[in-house]
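S.K.: Listed in order, the protein sequences are those of chains R and W. Residue numbers for the first sequence follow my numbering, beginning at 463 and rising by one. Residue numbers for the second sequence follow my numbering, beginning at 3 and rising by one. From the three backbone atoms N, C-alpha and C, an ideal C-beta is built for every residue, glycine too. Just passing along the structure, written as structure tokens.
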Amino acid sequence: MTGRMGIEVLAPSLLAGEGRGGGAVQQRTRPSRTLRLLPAALCLLLSFAHAAAPTTPPATLAPAQEQRAVAIQRNLRCPLCDTGESIAESRSDISIKMRSSVREQIVDGRSDSEIYTFFSQRYGNFVLLDPPKTGRNLLLWSAPLLALAGGGAVLWAFLRRKGTAAPASAAQDAEPYDSYLDQVRRDTGGGPG
Amino acid sequence: MTDTPSTQTTKPNPAPIWKRAIPPLIAAALVGVLGYTLLSPAKNVTTGGPLIGKAAPAFTLTSLDGVPISLASLKGRPVVLNFWASWCGPCREEAPLFRELGTQQTADGVAILGILFQETKEQNARDFIKEYALAYPNLRDPGINTGVDYGVSGIPETVFIDKAGIVQFMDRGGLTRERLNAGLEKIGVKGI
Chain R
463 MTGRMGIEVL
473 APSLLAGEGR
483 GGGAVQQRTR
493 PSRTLRLLPA
503 ALCLLLSFAH
513 AAAPTTPPAT
523 LAPAQEQRAV
533 AIQRNLRCPL
543 CDTGESIAES
553 RSDISIKMRS
563 SVREQIVDGR
573 SDSEIYTFFS
583 QRYGNFVLLD
593 PPKTGRNLLL
603 WSAPLLALAG
613 GGAVLWAFLR
623 RKGTAAPASA
633 AQDAEPYDSY
643 LDQVRRDTGG
653 GPG
Chain W
3 MTDTPSTQTT
13 KPNPAPIWKR
23 AIPPLIAAAL
33 VGVLGYTLLS
43 PAKNVTTGGP
53 LIGKAAPAFT
63 LTSLDGVPIS
73 LASLKGRPVV
83 LNFWASWCGP
93 CREEAPLFRE
103 LGTQQTADGV
113 AILGILFQET
123 KEQNARDFIK
133 EYALAYPNLR
143 DPGINTGVDY
153 GVSGIPETVF
163 IDKAGIVQFM
173 DRGGLTRERL
183 NAGLEKIGVK
193 GI
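Okay, here's the thing in structure tokens:
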């Protein structure tokens with residue numbers, strides 16, 4: 463998803479003459495090209511992002527609120543950056559806007575979860591760098607633990623079987639088959655068999 | 003009389019074939035899933051999103067001609083919202099489709115609105131509108147507030163809103179005729 467968006471917004475001039483019709487789709491399906499363009503795009507971004515940034519006066523926050531704002535900003539993904547960086551690190555316009563929106567919402571007295579909900583309702587859970595551990599996400603979080611438990615169980619069963627199988631076969635090996643002894647055992651009604 | 007049938011005692015029975023096949027089959031399935039996921043782009047990359055089926059976020063923005071336009075004022079009409087900028091290549095490619103759709107606009111038919119997204123120079127947008135003869139309002143979104151409300155992360159992005167004001171379809175990336183018609187169909191508008 464971000465392949466198209468990131469590159470287009472970061473480096474418009476690179477795309478000015480790009481292919482016809484489904485140009486954007488082609489780009490998305492060719493990650494190698496995207497990756498090659500990325501450094502150039504980032505350079506361009508650094509050169510003009512600040513000039514084009516909307517100039518909203520930052521809301522003044524108390525130190526504790528400021529800390530909250532930074533923590534939230536670190537947990538929100540820049541929606542157009544390919545690199546998965548947070549809006550706290552990104553210098554794109556949309557991240558600047560989202561940062562000021564986080565601060566405004568803190569001033570308005572919204573809770574952390576309300577702010578996360580605000581962004582996930584617009585951009586989807588994709589923007590949450592620390593996705594909630596509920597619903598389908600539970601599967602994601604629990605899968606490694608389940609895999610570990612499953613692997614452990616298999617290993618335990620394997621080792622246990624090996625442990626019990628080994629002495630039995632050793633005992634058998636220690637006593638080679640002797641038809642005479644077998645005959646004696648049968649006659650006396652004892653022994654294996 | 004002491005013949006020792008070695009096969010009976012030394013060689014344990016091999017595991018049944020289906021049991022031996024399980025580990026390689028699991029490994030192959032994992033590799034298959036990984037490969038499929040890596041090679042096929044996600045299905046909802048170009049369409050869909052958290053806004054589908056929800057009420058379109060309200061806005062009141064000023065057009066490049068200085069006229070304030072609100073989404074509420076278009077209630078009762080299907081609306082096509084197109085986020086764009088003059089520097090965006092795919093926006094340029096889809097512009098003729100919007101001109102064509104614009105010619106079909108009637109008083110109670112589909113309403114088209116353009117919303118500028120990170121337009122660096124307004125004059126470039128005006129030149130773009132002139133070049134493609136776009137006959138519908140194009141609005142300024144200076145703080146990207148509306149852009150954020152619609153979850154726009156890149157452009158072009160087109161939102162299809164039905165008569166009831168519900169977002170029915172979103173398309174990211176340059177529209178083709180088929181993709182535009184797919185969106186129009188969702189809001190009950192005849193394709194072009």
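Give every residue of the same chain whose Cβ lies closer than 8 Å to the Cβ of W/A113, excluding the five residues on either side of it in the sequence, and list them in chain order.
M.R.: Excluding residues within five positions, the ones whose Cβ falls inside 8 Å are L76, R79, P80, V81, V82, Q107, Y138.
S.K.: If W/L53 and W/Y152 are in contact, beta carbons under 8 Å, what's the gap, nearest whole angstrom?
M.R.: The pair is a contact, with the Cβ atoms about 7 Å apart (cut-off 8 Å).
S.K.: At the level of alpha carbons, what is the spacing between W/L73 and W/I168?
M.R.: Roughly 11 Å between the two C-alpha positions.
S.K.: Buried or exposed, going by whether 16 or more other CB atoms sit within 10 Å of the CB of R/K559?
M.R.: With 16 or more Cβ atoms within 10 Å of its Cβ, R/K559 is classed as buried.
S.K.: Taking only beta-carbon positions, decide if W/S155 is within less than 7 Å of chain R.
M.R.: Closer than 7 Å: yes.
S.K.: Which residues in chain R sit within 9 Å of W/D151, going by Cβ to Cβ distance?
M.R.: Residues of chain R passing the Cβ test: R584.
S.K.: Below 7 Å between beta carbons: does that hold for R/L538 and R/F581?
M.R.: Yes.
S.K.: For the segment 539-557 of chain R, which residues have a CB atom closer than 8 Å to at least one CB atom of chain W, in sequence order?
M.R.: Answer in chain order: P541, L542, D555, I556.
S.K.: Does the beta-carbon of R/V589 have 16 or more other beta-carbons within 10 angstroms, so that it is buried, or is it exposed?
M.R.: Buried, because 16 or more other Cβ atoms sit within 10 Å of the Cβ of R/V589.
S.K.: What are the start and end residues of the beta strand (DSSP E) that includes W/W20?
M.R.: Where W/W20 is concerned, there is no enclosing beta strand (DSSP E), although the alpha helix (DSSP H) it sits in stretches over 19-41.
S.K.: Taking the CB atoms as reference points, tell me whether R/Q535 and R/A550 lie closer together than 7 Å.
M.R.: Going by C-beta atoms, R/Q535 is nearer than 7 Å to R/A550.
S.K.: With 7 Å as the threshold, decide whether the Cβ of W/I146 is near any Cβ in chain R.
M.R.: W/I146 counts as touching chain R.
S.K.: Roughly how many angstroms separate the alpha carbons of R/G597 and R/E576, rounded to a whole number?
M.R.: The alpha-carbon atoms of R/G597 and R/E576 are separated by roughly 18 Å.
S.K.: Can you check whether the C-beta of R/K595 is within less than 7 Å of a C-beta belonging to chain W?
M.R.: For R/K595, the answer is no, since every Cβ of chain W falls outside 7 Å of its Cβ.
S.K.: For R/K624, would you say it is in contact with chain W, using Cβ-to-Cβ distances shorter than 7 Å as the test?
M.R.: Closer than 7 Å: no.
S.K.: R/S709 touches chain W at which residues, Cβ-Cβ below 9 Å?
M.R.: Missing from the structure shown is residue 709 of chain R; chain R here goes from 463 to 655 and no further.
S.K.: Buried or exposed for R/S573, going by 16 or more other Cβ atoms inside 10 Å?
M.R.: Answer is exposed; the Cβ neighbour count stays below 16.
S.K.: Would you tell me roughly how many angstroms separate the C-alpha atoms of W/F100 and W/L136, rounded to the nearest one?
M.R.: Answer to the nearest angstrom: the Cα atoms are 7 Å apart.
S.K.: Tell me whether R/G485 sits in a helix, a strand or coil according to DSSP, three-state version.
M.R.: Reliability of the predicted coordinates at R/G485 is poor, the pLDDT of 36 falling under 50, and no value is obtained from them.
S.K.: Let me see if you follow: with CB-CB separation under 7 Å, is W/E18 close to chain R or not?
M.R.: A small fix is needed here, since residue 18 of chain W is Pro in this sequence, not Glu. Closer than 7 Å: no.
S.K.: Pick helix, strand or coil for R/R554, following the three-state DSSP scheme.
M.R.: Note that residue 554 of chain R corresponds to Ser in the displayed sequence, not to Arg. If DSSP states are grouped into helix, strand and coil, R/S554 belongs with coil.
S.K.: Here's a check: name, in chain order, each residue in its chain whose Cβ is nearer than 6 Å to the Cβ of R/Y585, leaving out the five neighbours to either side.
M.R.: Hits under 6 Å: P541.
S.K.: Look at R/Q527 and R/I568 and say whether their C-beta atoms are less than 7 Å apart.
M.R.: Yes; because the gap between Cβ atoms is below 7 Å, this pair is in contact.
S.K.: Out of W/P98, W/G37, W/A30, which has the shortest C-alpha to C-alpha gap to W/Y134?
M.R.: Checked all of W/P98, W/G37, W/A30; the closest Cα to W/Y134 is W/P98.
S.K.: Rounded to a whole number of angstroms, what is the C-alpha to C-alpha distance between W/F130 and W/E121?
M.R.: If you take the alpha carbons of W/F130 and W/E121, they lie about 11 Å apart.
S.K.: W/F85 and W/F119 look like a contact to me (Cβ under 8 Å); what is the Cβ gap, rounded to whole Å?
M.R.: Indeed, because the Cβ distance is near 4 Å, the residues count as touching under 8 Å.
S.K.: Taking DSSP's pairing of strands, which residues face W/V169 in a bridge?
M.R.: BP columns for W/V169 point to W/I163.
S.K.: Based on DSSP bridge pairs, tell me the residues matched to W/L63.
M.R.: DSSP lists W/I71 as partners of W/L63.
S.K.: Return yes when the C-beta of W/N183 is under 6 Å from any heavy atom of the ligand ATP, and no when it is not.
M.R.: By its list of ligands, the structure shown contains no ligand whatsoever, and the ligand ATP lies outside what it can speak to.
S.K.: For W/P25, decide whether its Cβ has a neighbour in chain R, counting only Cβ atoms nearer than 7 Å.
M.R.: No - not a single Cβ of chain R is within 7 Å of the one on W/P25.
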